[in-house]
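Asker:
Protein chains: 2
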Amino acid sequence: MELDEILETSVFLKYWNVVLTIALIGILSKWLWNRKGHKQIEREDEDNEILADSSSKAEEIDYAPALEEKEHIAYKGVAETLSGGAKQFYKMMNDRRSVRSYRREPIPPIDVIENCIRAAGTSPSGAHTEPWTFCVITDMEIKQSIRDIIESEEELNYAQRMHKQWTTDLRPLKTNHVKPYLTDAPYLILVFKQTYGVTKQGKRKQHYYNEISVSIAVGILLCALQAAGLSSLVTTPLNCGPALRALLNRPVNEKLLVLLPVGYPAENCKVPDLERKQLDDIIVRY
Amino acid sequence: MELDEILETSVFLKYWNVVLTIALIGILSKWLWNRKGHKQIEREDEDNEILADSSSKAEEIDYAPALEEKEHIAYKGVAETLSGGAKQFYKMMNDRRSVRSYRREPIPPIDVIENCIRAAGTSPSGAHTEPWTFCVITDMEIKQSIRDIIESEEELNYAQRMHKQWTTDLRPLKTNHVKPYLTDAPYLILVFKQTYGVTKQGKRKQHYYNEISVSIAVGILLCALQAAGLSSLVTTPLNCGPALRALLNRPVNEKLLVLLPVGYPAENCKVPDLERKQLDDIIVRY
Numbered sequence: 001m002e003l004d005e006i007l008e009t010s011v012f013l014k015y016w017n018v019v020l021t022i023a024l025i026g027i028l029s030k031w032l033w034n035r036k037g038h039k040q041i042e043r044e045d046e047d048n049e050i051l052a053d054s055s056s057k058a059e060e061i062d063y064a065p066a067l068e069e070k071e072h073i074a075y076k077g078v079a080e081t082l083s084g085g086a087k088q089f090y091k092m093m094n095d096r097r098s099v100r101s102y103r104r105e106p107i108p109p110i111d112v113i114e115n116c117i118r119a120a121g122t123s124p125s126g127a128h129t130e131p132w133t134f135c136v137i138t139d140m141e142i143k144q145s146i147r148d149i150i151e152s153e154e155e156l157n158y159a160q161r162m163h164k165q166w167t168t169d170l171r172p173l174k175t176n177h178v179k180p181y182l183t184d185a186p187y188l189i190l191v192f193k194q195t196y197g198v199t200k201q202g203k204r205k206q207h208y209y210n211e212i213s214v215s216i217a218v219g220i221l222l223c224a225l226q227a228a229g230l231s232s233l234v235t236t237p238l239n240c241g242p243a244l245r246a247l248l249n250r251p252v253n254e255k256l257l258v259l260l261p262v263g264y265p266a267e268n269c270k271v272p273d274l275e276r277k278q279l280d281d282i283i284v285r286y
Numbered sequence: 001m002e003l004d005e006i007l008e009t010s011v012f013l014k015y016w017n018v019v020l021t022i023a024l025i026g027i028l029s030k031w032l033w034n035r036k037g038h039k040q041i042e043r044e045d046e047d048n049e050i051l052a053d054s055s056s057k058a059e060e061i062d063y064a065p066a067l068e069e070k071e072h073i074a075y076k077g078v079a080e081t082l083s084g085g086a087k088q089f090y091k092m093m094n095d096r097r098s099v100r101s102y103r104r105e106p107i108p109p110i111d112v113i114e115n116c117i118r119a120a121g122t123s124p125s126g127a128h129t130e131p132w133t134f135c136v137i138t139d140m141e142i143k144q145s146i147r148d149i150i151e152s153e154e155e156l157n158y159a160q161r162m163h164k165q166w167t168t169d170l171r172p173l174k175t176n177h178v179k180p181y182l183t184d185a186p187y188l189i190l191v192f193k194q195t196y197g198v199t200k201q202g203k204r205k206q207h208y209y210n211e212i213s214v215s216i217a218v219g220i221l222l223c224a225l226q227a228a229g230l231s232s233l234v235t236t237p238l239n240c241g242p243a244l245r246a247l248l249n250r251p252v253n254e255k256l257l258v259l260l261p262v263g264y265p266a267e268n269c270k271v272p273d274l275e276r277k278q279l280d281d282i283i284v285r286y
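Listed in order, the protein sequences are those of chains A and B.
Note that UniProt numbering has the first sequence beginning at 1, numbered continuously upward.
Note that UniProt numbering has the second sequence beginning at 1, numbered continuously upward.
Rendered as structure tokens:
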């Protein structure tokens with residue numbers, strides 16, 4: 001039997017092509033539609049997995065809030081301020097610079113670092129989930145391992161992975177893949193975002209807007225370090241997250257957000273001769 | 001001519017079904033492959049567009065850094081600190097609460113708000129791109145329009161878009177779609193992240209890690225407001241970004257990150273009876 005003979009043996013087979021065309025148009029339409037919808041959600045919200053699930057399964061689950069439901073309490077407003085207010089605070093923060101070379105000694109007292117992390121932990125977070133873990137490294141062997149991981153990845157980043165415009169934009173900052181600050185700085189703080197949590201009942205707990213929340217906590221950490229007279233540098237080691245998470249034995253729900261060396265600038269410390277934008281370049285009044 | 005006659009008029013038309021089947025398999029495979037690859041990139045890095053472009057086009061472009069290349073300057077370390085250091089700073093920040101009801105008066109002086117935004121503008125950012133815009137709203141008509149946009153979207157969010165676990169997790173915070181603070185608070189600050197910029201030569205300028213950078217700036221803003229004795233609330237109005245951007249006439253490269261009402265708490269202000277995690281729940285020492 002030849003192919004055309006087979007195709008002629010039944011009405012269904014004869015019109016197979018028509019059926020296929022309809023299926024093809026259907027699949028293509030759905031794909032285009034999904035693609036458009038997916039992009040919109042990406043643009044709108046980082047946590048698309050916590051948007052409403054239209055499946056009926058959702059109705060069967062017994063929901064409980066992650067936080068206890070208690071009576072709200074009175075709040076009279078801010079009690080602790082700075083005597084010089086916002087002006088003093090701005091002056092303090094305007095003095096901050098990103099520092100890439102550190103003195104090995106003196107080592108700042110650990111309780112200063114702890115108070116800075118306590119301050120960072122006062123950050124607001126989506127539904128008060130507090131989705132942060134601060135890993136504080138003082139052990140030289142671990143610092144060396146971190147440096148090895150980052151320098152080998154950064155060598156690849158600069159040579160192959162980063163777009164030429166990116167490495168060009170970094171040229172005025174004189175950065176490259178060699179990072180002595182990772183072993184010189186007395187402290188390394190690795191800030192992990194917990195992409196989800198686990199309730200006391202062992203259920204998965206959603207961490208809404210965890211990246212924004214943890215980044216805000218990092219902003220508060222920078223202010224605390226500045227108040228304490230310590231320097232730091234916010235780094236985002238590209239492609240190093242999984243290896244560093246494994247090295248520090250952190251659970252799978254934690255993703256590295258940033259790494260900060262912390263300490264005092266080296267004697268010969270130099271920083272880029274940068275200016276900051278003026279107020280009128282960043283504010284719009286309505 | 002009947003359909004089967006038409007289909008039999010040429011060899012191509014006869015085997016149309018076979019051609020269609022092959023096309024269908026091809027499209028399906030490509031779709032599945034793309035889907036897998038897309039997910040992997042999302043997990044690794046937010047800025048996949050700035051990763052190296054393997055196409056040869058990249059070689060033809062004349063790259064210039066966004067910043068001027070200048071000699072670096074000496075940096076002696078932090079000069080402005082707090083007399084009470086990290087401990088004082090922690091005490092100040094631990095006093096901060098997210099406030100959802102505001103007094104319409106007194107109106108804090110605008111120069112206090114400006115100094116807070118100046119402080120936020122000292123934030124570090126990827127390759128010093130400073131990718132933030134702070135829109136400060138005092139006009140009551142605009143505040144009312146913002147409230148209208150957010151309340152109508154939030155009504156849909158709570159009723160339809162948010163997963164039931166999400167609305168359940170918000171129950172202890174007693175939030176809903178009604179937001180009087182959007183018209184009561186003397187100031188609204190809408191913080192936009194600039195997803196890219198434009199160079200003086202009119203070329204597109206990459207803003208590396210712009211969401212993390214702007215969120216860190218928001219953390220510094222919260223500290224400045226606290227230092228000035230002002231209360232605020234970090235909100236992420238879901239699905240409202242495009243409408244608010246249009247209302248404020250912001251360019252397409254700006255995306256709303258957060259909105260903060262700023263002022264003094266209402267006389268009868270209440271806040272959730274929350275505790276913060278202890279230091280040992282957020283720190284890990286190595």
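For each residue, glycine too, the CB sits at the ideal point set by N, CA and C.
Express the C-alpha separation of B:SER152 and A:LYS205 in angstroms, rounding to a whole number.
Answerer: 28 Å
Asker: B:PHE134 bridges to which residues according to DSSP?
Answerer: A:ILE283, B:VAL191
Asker: By the 10 Å Cβ neighbour count, where 16 or more other Cβ atoms means buried, how is A:GLU211 classified, buried or exposed?
Answerer: buried
Asker: So with Cβ pairs under 7 Å, would you call A:GLU153 a contact of chain B?
Answerer: no
Asker: Do A:LEU247 and A:SER145 have their beta-carbon atoms positioned less than 7 Å apart in this structure?
Answerer: yes
Asker: Mind reading off the beta-carbon distance from A:HIS128 to A:LEU188? Whole number of angstroms is fine, and I expect it under 8 Å.
Answerer: Between A:LEU188 and A:HIS128 the Cβ distance is about 28 Å, and since that is not below 8 Å, they are no contact.
Asker: A:ALA243 CB to nearest chain B CB: under 7 Å?
Answerer: no
Asker: At the level of alpha carbons, what is the spacing between B:ILE282 and A:ILE22?
Answerer: Answer to the nearest angstrom: the Cα atoms are 56 Å apart.
Asker: Put B:GLY263 into one of helix, strand or coil per three-state DSSP.
Answerer: strand
Asker: Does the stretch 167 to 175 of chain A touch the stretch 66 to 80 of chain B, meaning 3 or more C-beta pairs lie closer than 8 Å?
Answerer: yes
Asker: Is A:ARG285 close to chain D, meaning its C-beta is less than 7 Å from at least one C-beta of that chain?
Answerer: Checking the listed chains, one finds no chain D in this structure; the protein chains it contains are A and B.
Asker: Please report the distance separating the alpha-carbon of residue 294 of chain B from that of B:THR183.
Answerer: Examination of residue 294 of chain B is not possible in this model, given that chain B is present from 1 through 286 alone.
Asker: Just the C-alpha distance for A:LYS76 and B:TYR208, rounded to the nearest angstrom, thanks.
Answerer: For A:LYS76 and B:TYR208, the distance between alpha carbons rounds to 40 Å.
Asker: Please name the residue, chosen from B:HIS177, B:GLN226, B:ALA86, B:ASN253, that lies closest to B:VAL112 on a Cα-to-Cα basis.
Answerer: B:GLN226
Asker: Taking all protein chains shown into account, decide if B:GLU267 is buried (16 or more other Cβ within 10 angstroms of its Cβ) or exposed.
Answerer: Burial call: exposed.
Asker: Using a Cβ-Cβ distance under 7 Å, would A:GLU141 count as near chain B?
Answerer: no
Asker: Exposed or buried, B:ILE110, counting other C-beta atoms within 10 Å across all chains shown (16 or more means buried)?
Answerer: It is exposed - the Cβ of B:ILE110 has fewer than 16 other Cβ atoms within 10 Å.
Asker: Out of curiosity, what's the CA-to-CA distance linking B:PRO65 and B:GLY197?
Answerer: 13 Å
Asker: Put A:ARG204 into one of helix, strand or coil per three-state DSSP.
Answerer: When secondary structure is reduced to three states using DSSP, A:ARG204 falls in the strand class.
Asker: For the alpha helix (DSSP H) holding A:GLY229, just list the boundary residues, first then last.
Answerer: Here A:GLY229 belongs to no alpha helix (DSSP H), and DSSP marks it neither H nor E.
Asker: Candidates A:GLU155, A:GLU105, A:VAL284, A:ALA185: which alpha carbon is nearest A:PRO237's?
Answerer: A:GLU155
Asker: What did DSSP end up calling B:LEU256 once you bin it into helix, strand or coil?
Answerer: strand
Asker: According to DSSP, simplified to helix, strand and coil, what is B:GLY219?
Answerer: helix
Asker: Per the contact definition of three or more C-beta pairs closer than 8 Å, is the stretch 113 to 128 of chain B in contact with the stretch 87 to 100 of chain A?
Answerer: yes
Asker: Give the straight-line distance between the Cα atoms of B:LEU28 and A:LEU24, rounded to the nearest whole angstrom.
Answerer: Cα to Cα, the separation comes out at about 10 Å.
Asker: Between B:PHE192 and chain A, is there a C-beta pair that is closer than 7 Å?
Answerer: Chain A contact via Cβ: absent.
Asker: Considering only the alpha carbon of each residue, which of B:THR138, B:VAL99, B:ILE107, B:ALA86 lies closest to A:ARG285?
Answerer: B:THR138
Asker: Using a Cβ-Cβ cut-off of 7 Å, state whether A:SER98 counts as contacting chain B.
Answerer: yes
Asker: May I ask you to report which of helix, strand or coil DSSP gives A:ILE73?
Answerer: strand
Asker: Could you give the DSSP three-state label for B:VAL112: helix, strand or coil?
Answerer: helix
Asker: By Cβ distance below 8 Å, which residues in the same chain neighbour A:LYS39 in space, the five residues on each side in sequence not counted?
Answerer: Interpretation of A:LYS39 is limited by its pLDDT of 42, a score under 50 that renders its predicted location unreliable; the figure taken from the coordinates is listed afterwards. Around A:LYS39: no qualifying Cβ.
Asker: Given a cut-off of 7 Å, decide if B:TYR63 and A:LYS164 are closer than it, judged by their beta-carbon atoms.
Answerer: In this structure, B:TYR63 lies closer than 7 Å to A:LYS164 by Cβ.
Asker: Exposed or buried, A:LEU244, counting other C-beta atoms within 10 Å across all chains shown (16 or more means buried)?
Answerer: buried
Asker: How many angstroms separate the CA atom of A:SER215 from the CA atom of B:SER213?
Answerer: 8 Å
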